[in-house]
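Asks:
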Amino acid sequence: MSPVDMKAQYVAEPLGGELAVKIGKPAAEWTEDDIVGLVAQGGIRVVSLMHVDGEGELRALDFLPRSEAHLREILRAGERADGSSLFPGAGLPPDASDIVLRPRLASAFIDPFSEIPTLVLMAGHQSRDGAPLPQSPDTIVRRAAAHFHATTGAELLAHAEVEFFLGKPAEEADVYGSSDRGYHATSPFVFGEDIRRQAMVLLGDLGVAVKYGHAEVGYIGAEEGGGYIWEQHEIELALAPLPVAAEAVVLTQWVLRNLAHASGVQCSFRPVLRAGHAGSGMHFHFAALSDDGFATMDGPAAELARSLVGGLVRSGGALMAFGNRSRESFLRLQQGKEVPASITWGHFNRKALVRIPVLARTADGEPVAPPTVEFRLPDGSVNPFLLLAGAAQAVAHASGDASIEETLRDSRAGTPNGALSSAKAQSVSSTAEASAGAEAKDANVTARSLPLSFDAIADALELERSALGADDVFPAELLDATLSQLRSGGAN
Numbered sequence: 001m002s003p004v005d006m007k008a009q010y011v012a013e014p015l016g017g018e019l020a021v022k023i024g025k026p027a028a029e030w031t032e033d034d035i036v037g038l039v040a041q042g043g044i045r046v047v048s049l050m051h052v053d054g055e056g057e058l059r060a061l062d063f064l065p066r067s068e069a070h071l072r073e074i075l076r077a078g079e080r081a082d083g084s085s086l087f088p089g090a091g092l093p094p095d096a097s098d099i100v101l102r103p104r105l106a107s108a109f110i111d112p113f114s115e116i117p118t119l120v121l122m123a124g125h126q127s128r129d130g131a132p133l134p135q136s137p138d139t140i141v142r143r144a145a146a147h148f149h150a151t152t153g154a155e156l157l158a159h160a161e162v163e164f165f166l167g168k169p170a171e172e173a174d175v176y177g178s179s180d181r182g183y184h185a186t187s188p189f190v191f192g193e194d195i196r197r198q199a200m201v202l203l204g205d206l207g208v209a210v211k212y213g214h215a216e217v218g219y220i221g222a223e224e225g226g227g228y229i230w231e232q233h234e235i236e237l238a239l240a241p242l243p244v245a246a247e248a249v250v251l252t253q254w255v256l257r258n259l260a261h262a263s264g265v266q267c268s269f270r271p272v273l274r275a276g277h278a279g280s281g282m283h284f285h286f287a288a289l290s291d292d293g294f295a296t297m298d299g300p301a302a303e304l305a306r307s308l309v310g311g312l313v314r315s316g317g318a319l320m321a322f323g324n325r326s327r328e329s330f331l332r333l334q335q336g337k338e339v340p341a342s343i344t345w346g347h348f349n350r351k352a353l354v355r356i357p358v359l360a361r362t363a364d365g366e367p368v369a370p371p372t373v374e375f376r377l378p379d380g381s382v383n384p385f386l387l388l389a390g391a392a393q394a395v396a397h398a399s400g401d402a403s404i405e406e407t408l409r410d411s412r413a414g415t416p417n418g419a420l421s422s423a424k425a426q427s428v429s430s431t432a433e434a435s436a437g438a439e440a441k442d443a444n445v446t447a448r449s450l451p452l453s454f455d456a457i458a459d460a461l462e463l464e465r466s467a468l469g470a471d472d473v474f475p476a477e478l479l480d481a482t483l484s485q486l487r488s489g490g491a492n
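Numbering (UniProt numbering), first residue to last: 1 to 492.
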C-alpha cells in the first residue's frame, strides 16, 4: 500500500460530518457560496467564530448576519479581537493588541446545543498585517507540523485518549459499581453510558472522527465522592494531522461538558478527583508517515521511528509544561496507577513514559490500524495545541541526532513477563527494542525520574528551549512567560 493510500485509509482528514451530507461534498471542497447557501436554506440565525485562547480553551464570537453581504464579510475577513486578553503575558501589549479572527470554511458545523440555529466556524488568529499570529496555539501547532515535515520529510500524526469522570448524586443511582473496577463496564452498572454514546455520535456529526469509547477503570463511591458517585469513561479519537488532532480534543471536551450539563450530571477532566483513585490521563498516540510508509522500529523508516521514541523520551519532562499543568498532575504520577514511573520506553509497558502498543491484526496477519507510539504522560490539564507542537519540535530535533541511540539504550524499560512471547505470537517484532536495550543496565536503576514539581519542569524546559524554539515555532516571549509561570507555582 502506498503512503497516499495509507493516509486515505487510516488518517482522519476533515470530512465535515453531517454538513458534508447537506452540502453534498467533503469539507475540503466547501466554498463561500456553499456556506452562504447553507445559512439561507437551513434557517441559520447566528454565526459563531470559535477559537482557542493561550490556555487552549475554547472561546466564541457571535454574529447575527443582517444580509448576505454581511455574511460574506464575516466569512472572508472574520473580525478583530483583543489579543492581550486572549494571550496574556505573551508579548501583546494592551496598546497594540488588535488581532483578527479568520474563520476556516472547512471547519463549519451546526451547534448541537443551541436552541437558536447557529453555525459554528473554527477560526485561527492573525496579526494586524494578516500574517498568522505567532502567540496563537493554533499557529504554533501548524508551524510545528510544517517544521517537522521540512526537517524529516514525513508527516507527524496524532490522536488523543480523552479520559473523564461523570458524577451523579448518590441518591439518584440505583446500581453501584466497584472501586476502580470500571474498565469496559456496561449498563446498568454505569450510568454514563448514554452520555458517552451521545458524545460519540455528536462528535461524528461535527466532523470529529472517533475510534471508540468505553467505561474506564476509575470509580469513586459516595462515601469518598462528597455525596456523588463518580465513574470514569474514555473516548479515543482517530489519527489525524496535528492541528486537527488538537482541535478534536477541545471539541470533545466541549461536547462532553454540554451533554453532562444538559443531563444534570458533573463532568471532570481533573488529573485526580480523589486521592488513592485512578486519575484522568490524556494520552497521545503518534505516528510518522513517510515515503516508506508508517515508521516502525524495525521497518524501512526505523531511523524516523527511533527519533520519534527518543525525542519524546528526551523531552518528556519539558513537555510537562504543556501536558501536566495542575498540582494534581503530580499526585496522579505519584499514585502509580497505570502512569509512567520514570522516563523510560518499552513495548506494551503501561508504566513506561513512551509505550509501543501491540498492533491488532486480522486472522491473515494484516494490521487493522497503523503502528503508533503512545505518550502516556499528559493528563486532563493539557493544552493540546502546545503539547502536540512541543512533541513535534522534540522529535524533529532528535531526527539525525546520533545521541538519540544513547537515549534509547539508557531509557529502555524492562519488558513485562510474557510480553515478548505474546508479541511473537501476534507477529509483532521486538528485535529493534532488544537491540537498543542490549547494552542497557537495569532500567529501574538508570532511568531518570520524572519532574514532580513546577520548578523541576521549568528546569527541564530550559534544557529543551532551543529545540522548542527552532524555526521560531514557539515564540521566545511565550517560553519566557511559561517559565515565569512555572517558577511562580504553575498554571493552576
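Note that CB positions come from ideal geometry on N, CA and C, so glycine has one too.
Give me the residue from GLU161, GLY16, PRO65 with the minimum Cα distance to GLY380.
Replies: Here residue 380 corresponds to residue number 380 of the sequence shown, with the count starting at 1. It is GLU161 whose Cα lies nearest to the Cα of GLY380.
Asks: Name the two residues that bound the continuous alpha helix (DSSP H) containing THR296.
Replies: Indexing the sequence shown from 1 puts residue 296 at position 296. DSSP places THR296 in no alpha helix (DSSP H); its state is neither H nor E.
Asks: Quick one: Cα of GLY264 to Cα of GLY276, how far?
Replies: Residue 264 sits at position 264 when you count from the first residue of the sequence shown. Residue 276 sits at position 276 when you count from the first residue of the sequence shown. Cα to Cα, the separation comes out at about 26 angstroms.
Asks: Excluding five sequence neighbours on each side, which residues of the same chain lie with their C-beta closer than 6 angstroms to the C-beta of ALA81?
Replies: Along the sequence shown, read from residue 1 onward, the residue named residue 81 stands at position 81. Excluding sequence neighbours, ALA81 sits near ILE99, LEU101.
Asks: Among residues of its own chain, excluding the 5 on either side of ARG332, which ones have a beta-carbon nearer than 7 angstroms to its beta-carbon?
Replies: As a position in the sequence shown, residue 332 is number 332, starting the count at 1. If we look at ARG332 and ignore the five residues flanking it on each side, its Cβ neighbours are PRO271, VAL272, GLY279, VAL339, ASP379.
Asks: With a threshold of 8 angstroms on Cβ separation, who are the neighbours of ARG355 within its own chain once the five nearest residues in sequence on each side are excluded?
Replies: What you label residue 355 is simply residue 355 of the sequence shown in a count that begins at 1. Answer for ARG355: TRP345, GLY346, HIS347, PHE348, ASN349, VAL373, GLU374, ARG376, listed in chain order.
Asks: Does the Cβ-Cβ distance between ALA295 and LEU308 come in under 8 angstroms?
Replies: Looking up residue 295 in the sequence shown gives position 295. Looking up residue 308 in the sequence shown gives position 308. Going by C-beta atoms, ALA295 is nearer than 8 angstroms to LEU308.
Asks: Can you tell me whether HIS149 is helix, strand or coil according to DSSP?
Replies: Locating residue 149 in the sequence shown gives position 149, where the first residue counts as 1. Shown here, HIS149 sits in a helix according to DSSP, grouped into three states.
Asks: Note down the Cα distance separating GLY153 from SER290, rounded to an integer number of angstroms.
Replies: Looking up residue 153 in the sequence shown gives position 153. Looking up residue 290 in the sequence shown gives position 290. Cα to Cα, GLY153 sits roughly 7 angstroms from SER290.
Asks: Tell me which residues share the same chain as GLY281 and place their Cβ nearer than 6 angstroms to its Cβ, disregarding the 5 neighbours each side in the sequence.
Replies: Along the sequence shown, read from residue 1 onward, the residue named residue 281 stands at position 281. Here the set comprises GLU163, ASP379.
Asks: Classify ALA222 as helix, strand or coil using the three-state DSSP reduction.
Replies: Residue mapping note: residue 222 aligns to position 222 of the sequence shown, counting from 1. Coil at ALA222, not helix or strand.
Asks: What first and last residue would you give for the alpha helix (DSSP H) that runs through PRO3?
Replies: What you label residue 3 is simply residue 3 of the sequence shown in a count that begins at 1. Segment 3 to 10, the alpha helix (DSSP H) holding PRO3.
Asks: Could you check where the alpha helix (DSSP H) with PRO243 kicks off and where it finishes?
Replies: Position 243 of the sequence shown, counted from the start, is the residue given in the question as residue 243. Residue range 242 to 263 is occupied by the alpha helix (DSSP H) that includes PRO243.
Asks: What are the start and end residues of the alpha helix (DSSP H) that includes ASP205?
Replies: What you label residue 205 is simply residue 205 of the sequence shown in a count that begins at 1. Taken as a continuous stretch (DSSP letters only), the alpha helix (DSSP H) holding ASP205 covers 193 to 206.
Asks: Within its chain, find whatever has a CB closer than 7 angstroms to the CB of ARG306; leave out the 5 residues flanking it on each side and keep chain order.
Replies: Numbered from its first residue, the sequence shown carries residue 306 at position 306. In its chain, beyond the 5 residues on either side, MET297, ILE404, LEU408 have a beta carbon closer than 7 angstroms to the beta carbon of ARG306.
Asks: If I measure Cβ to Cβ from GLY293 and keep anything under 8 angstroms in the same chain, skipping five residues before and after, which residues do I get?
Replies: Translated into positions along the sequence shown, residue 293 becomes position 293. Listed in chain order, the non-local C-beta contacts of GLY293 below 8 angstroms within the same chain comprise MET1, PRO3, MET6, GLY299, PRO300, ALA301, local neighbours out to five positions each way being set aside.
Asks: Quick check on ALA391: buried or exposed, where buried means 16 or more other Cβ atoms within 10 Å of its Cβ?
Replies: Working through the sequence shown from its first residue, we reach residue 391 at position 391. Burial call: buried.
Asks: Which class does ARG412 belong to by DSSP, given the choice of helix, strand or coil?
Replies: For the purposes of this step, residue 412 is taken as the residue at position 412 of the sequence shown. The answer is strand: DSSP assigns ARG412 an E or B state.
Asks: Write down the C-beta distance between ALA396 and HIS214 rounded to the nearest angstrom, noting that I regard them as a contact closer than 8 angstroms.
Replies: Residue mapping note: residue 396 aligns to position 396 of the sequence shown, counting from 1. Residue mapping note: residue 214 aligns to position 214 of the sequence shown, counting from 1. About 34 angstroms; that fails the 8 angstroms criterion.
Asks: Alpha carbon to alpha carbon, what distance is there between GLU13 and PHE286?
Replies: Counted from its first residue, the sequence shown places residue 286 at position 286. Counted from its first residue, the sequence shown places residue 13 at position 13. Straight-line Cα distance between these residues: approximately 15 angstroms.
Asks: Tell me which same chain residues have a C-beta within less than 8 angstroms of the C-beta of VAL382, skipping the five on either side of it?
Replies: Here the question's residue 382 lines up with position 382 in the sequence shown. In the same chain as VAL382, and ignoring 5 residues on each side of it, the C-beta atoms closer than 8 angstroms to its own belong to GLY56, VAL249, MET282, PHE322, GLY323, ASN324, ARG325, in chain order.
Asks: Could you compute how far the alpha carbon of GLY400 sits from the alpha carbon of SER315?
Replies: Translated into positions along the sequence shown, residue 400 becomes position 400. Translated into positions along the sequence shown, residue 315 becomes position 315. About 16 angstroms.
Asks: At what residue ranges does the segment 47 to 80 contain a whole run of the beta strand (DSSP E), taking only runs of 3 or more?
Replies: If only complete runs of 3 or more residues are kept, the segment 47 to 80 shows the beta strand (DSSP E) at 58 to 63, in order along the chain.
Asks: Go through its chain and collect everything with a Cβ distance to ALA458's Cβ below 6 angstroms, but skip five positions before and after it.
Replies: Taking the sequence shown and counting its residues from 1, the one referred to as residue 458 is at position 458. Correct list, in chain order: LEU483, LEU486, ARG487.
Asks: Secondary structure at SER124, three-state DSSP: helix, strand or coil?
Replies: As a working note, residue 124 is residue 124 in the sequence shown. According to the sequence shown, residue 124 is Gly rather than Ser. GLY124: strand per DSSP, three-state reduction.
Asks: What number of angstroms, rounded off, separates the C-alpha of GLY235 from the C-alpha of ASP95?
Replies: Against the sequence shown, residue 235 aligns to sequence position 235. Against the sequence shown, residue 95 aligns to sequence position 95. It is Ile, not Gly, that sits at residue 235 in the sequence shown. Near 43 angstroms, if we compare the C-alpha coordinates of ASP95 and ILE235.
Asks: Can ILE343 and LEU353 be called in contact, C-beta distance under 8 angstroms?
Replies: Stepping through the sequence shown from its first residue, residue 343 is reached at position 343. Stepping through the sequence shown from its first residue, residue 353 is reached at position 353. Contact flag set, yes.
Asks: If you scan the segment 265 to 292 from start to end, which runs of the beta strand (DSSP E) of 3 or more residues do you find wholly inside it?
Replies: 266 to 268, 284 to 290
Asks: Please state the DSSP three-state secondary structure of VAL162.
Replies: By 1-based counting over the sequence shown, the position of residue 162 is 162. Reduced to three states, the DSSP call for VAL162 is strand.
Asks: Expressed to the nearest angstrom, what Euclidean distance is found between the alpha-carbon atoms of PRO367 and ALA288?
Replies: Residue numbering aside, residue 367 sits at position 367 when the sequence shown is read from its first letter. Residue numbering aside, residue 288 sits at position 288 when the sequence shown is read from its first letter. For PRO367 and ALA288, the distance between alpha carbons rounds to 16 angstroms.
Asks: Buried or exposed: where does ILE116 fall if 16 or more other Cβ atoms within 10 Å of its Cβ makes it buried?
Replies: As a position in the sequence shown, residue 116 is number 116, starting the count at 1. ILE116 should be labelled exposed.
Asks: With burial defined as no fewer than 16 other Cβ atoms inside 10 Å of the residue's Cβ, what is the status of GLN9: buried or exposed?
Replies: Translated into the one-based positions of the sequence shown, residue 9 becomes position 9. With fewer than 16 Cβ atoms within 10 Å of its Cβ, GLN9 is classed as exposed.
Asks: Who are PRO132's beta bridge partners in DSSP?
Replies: The count along the sequence shown starts at 1 and reaches residue 132 at position 132. In DSSP, PRO132 forms a bridge with GLN126.
Asks: Please report the distance separating the alpha-carbon of LEU251 from that of GLU79.
Replies: By 1-based counting over the sequence shown, the position of residue 251 is 251. By 1-based counting over the sequence shown, the position of residue 79 is 79. Their Cα atoms are separated by approximately 22 angstroms.
Asks: With 8 angstroms set as the bound, which would you pick, yes or no: does the beta-carbon of ALA240 sit closer than that to a beta-carbon of chain D?
Replies: Absent from the structure: chain D. Only one protein chain is present.
Asks: Buried or exposed: where does GLN253 fall if 16 or more other Cβ atoms within 10 Å of its Cβ makes it buried?
Replies: Within the sequence shown, the letter at position 253 stands for residue 253. So GLN253 counts as buried.
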